[in-house]
Amino acid sequence: MGPCRFAGDPTVVQLDSRGWRILREGIVSRTQLQRASGLFVVFVCTGNTCRSPMAEAFLKRDLSRRLGCDPDKLPDHGFTVASAGLAAYQGAPASPEAVSLAAEYGCDLSAHTSQPLTADLLQQADYLFTMTGRHAEFILSEHPEFAAKVRTLDAAGQDITDPIGAGPAEYRRCAEQIRRALAPLADMLLREHAGR
Numbered sequence: 008m009g010p011c012r013f014a015g016d017p018t019v020v021q022l023d024s025r026g027w028r029i030l031r032e033g034i035v036s037r038t039q040l041q042r043a044s045g046l047f048v049v050f051v052c053t054g055n056t057c058r059s060p061m062a063e064a065f066l067k068r069d070l071s072r073r074l075g076c077d078p079d080k081l082p083d084h085g086f087t088v089a090s091a092g093l094a095a096y097q098g099a100p101a102s103p104e105a106v107s108l109a110a111e112y113g114c115d116l117s118a119h120t121s122q123p124l125t126a127d128l129l130q131q132a133d134y135l136f137t138m139t140g141r142h143a144e145f146i147l148s149e150h151p152e153f154a155a156k157v158r159t160l161d162a163a164g165q166d167i168t169d170p171i172g173a174g175p176a177e178y179r180r181c182a183e184q185i186r187r188a189l190a191p192l193a194d195m196l197l198r199e200h201a202g203r
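So the sequence shown is numbered by the numbering used here: it starts at 8 and just counts up by one.
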């Protein structure tokens with residue numbers, strides 16, 4: 008035994024058959040524990056203002072319905088869902104069209120702010136679902152070590168069309184493409200999480 012590498016109080020966690028709970032938060036935060044013990048899914052598009060935020064919101068809704076919890080409580084159930092963009096600026100809102108359309112599907116994107124795909128997100132994610140084959144190719148050309156994590160959202164490899172700058176009809180088509188591609192995903196993630 009040697010000196011502690013970390014300054015601060017330890018985090019005390021209780022483990023049982025139902026999972027874990029923090030008895031006392033310390034140097035390791037709740038967010039860090041949730042990400043380490045659960046599944047972390049990241050959706051990736053170009054600007055993180057249309058497609059990937061809708062995919063994030065739709066999966067959060069699907070998982071929360073199956074688990075009987077609010078979307079903001081998903082990390083307590085072992086699921087963290089995020090989105091990012093390959094050419095995203097930090098802090099841009101979701102497009103007004105994406106916000107409006109997501110609301111029609113019972114999802115709230117009003118507080119969404121864009122973020123770029125960072126090395127931390129790449130490292131921490133269990134799954135990186137891209138909207139197009141080119142997004143996946145770009146990630147793998149820069150980071151081939153993450154090949155096991157990267158896949159296109161549409162299992163058949165069909166690109167999710169970018170609706171940026173288009174009208175409501177194109178956003179609706181995009182949302183339907185995303186919903187069809189997401190259909191099997193929530194159940195697959197729930198099965199995988201149960202097997203951990």
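Even for Gly, the Cβ is constructed at its ideal location relative to N, Cα and C.
Bear in mind the structure is a predicted one, so any value in this text is a computation, not a measurement.
Does the distance from the CB of residue i to the CB of residue j come in under 8 Å?
{"i": "C52", "j": "H142", "result": "yes"}
{"i": "R58", "j": "D169", "result": "yes"}
{"i": "L74", "j": "L196", "result": "no"}
{"i": "V19", "j": "R37", "result": "no"}
Please report the distance separating the alpha-carbon of residue i from that of residue j.
{"i": "Q184", "j": "I29", "result": "39 Å"}
{"i": "V106", "j": "D115", "result": "7 Å"}
{"i": "A193", "j": "Q131", "result": "19 Å"}
{"i": "Y134", "j": "P60", "result": "15 Å"}
{"i": "C181", "j": "A110", "result": "15 Å"}
{"i": "R158", "j": "A190", "result": "16 Å"}
{"i": "S24", "j": "G202", "result": "Here S24 scores only 48 on pLDDT, less than 50, and its place in the model should not be relied on; the value that follows carries that caveat. Computed Cα separation, rounded: 13 Å."}
{"i": "P103", "j": "I167", "result": "19 Å"}
{"i": "H84", "j": "R179", "result": "30 Å"}
{"i": "A188", "j": "A14", "result": "45 Å"}
{"i": "P175", "j": "K156", "result": "32 Å"}
{"i": "E144", "j": "V88", "result": "22 Å"}
{"i": "D77", "j": "R68", "result": "8 Å"}
{"i": "L128", "j": "V35", "result": "18 Å"}
{"i": "D204", "j": "D79", "result": "An answer regarding residue 204 cannot be provided, because it is not within the stretch 8 to 203 covered by the chain."}
The alpha helix (DSSP H) spanning residue i covers which residue range?
{"i": "F65", "result": "58-74"}
{"i": "F145", "result": "140-149"}
{"i": "S90", "result": "Run containing S90: none in the alpha helix (DSSP H); it sits in the beta strand (DSSP E), 86-92."}
{"i": "L197", "result": "192-201"}
{"i": "L135", "result": "Segment 134-137 is the beta strand (DSSP E) holding L135; no alpha helix (DSSP H) there."}
{"i": "D127", "result": "126-131"}
{"i": "V35", "result": "Counting along the chain, V35 falls outside any alpha helix (DSSP H), and DSSP gives it neither H nor E."}
{"i": "E104", "result": "103-111"}
Got a sec, what are the start and stop residues for the beta strand (DSSP E) residue i sits in?
{"i": "L189", "result": "Element bounds for L189: not the beta strand (DSSP E) but the alpha helix (DSSP H), 175-189."}
{"i": "L46", "result": "46-52"}
{"i": "V157", "result": "157-159"}
With distances taken Cα to Cα, identify the nearest neighbour of residue i among the options.
{"i": "L108", "options": "R186, F47, A94, G164", "result": "R186"}
{"i": "A126", "options": "L93, V20, G172, N55", "result": "L93"}
{"i": "L22", "options": "D16, L40, L189", "result": "L40"}
{"i": "A99", "options": "F86, G113, V88, P123", "result": "P123"}
{"i": "Y96", "options": "R31, G164, S121, V88", "result": "S121"}
{"i": "T139", "options": "A173, G164, V20", "result": "G164"}
{"i": "E199", "options": "Y112, L128, G174, F86", "result": "F86"}
{"i": "A101", "options": "T56, R68, S148, R72", "result": "T56"}
{"i": "A64", "options": "E177, A173, S148, G113", "result": "G113"}
{"i": "G172", "options": "K80, G54, R68", "result": "G54"}
Return the Cβ separation of residue i and residue j in integer angstroms, given the expectation that the two are a contact with Cβ distance under 8 Å.
{"i": "P82", "j": "G33", "result": "Actually they are not in contact, since the Cβ atoms of P82 and G33 sit about 18 Å apart, beyond 8 Å."}
{"i": "V48", "j": "L66", "result": "7 Å"}
{"i": "I146", "j": "F136", "result": "About 11 Å separates the two Cβ atoms, so there is no contact after all."}
{"i": "S90", "j": "A62", "result": "7 Å"}
If you measure from the CB of residue i, is any heavy atom of the ligand SAH nearer than 7 Å?
{"i": "T159", "result": "For the structure depicted, the ligand SAH is absent and the ligand set is empty, with no information on it obtainable."}
Shorter than 8 Å from the beta carbon of residue i to some beta carbon of chain C?
{"i": "R186", "result": "Absence of chain C from the displayed structure is noted, only one protein chain being present."}
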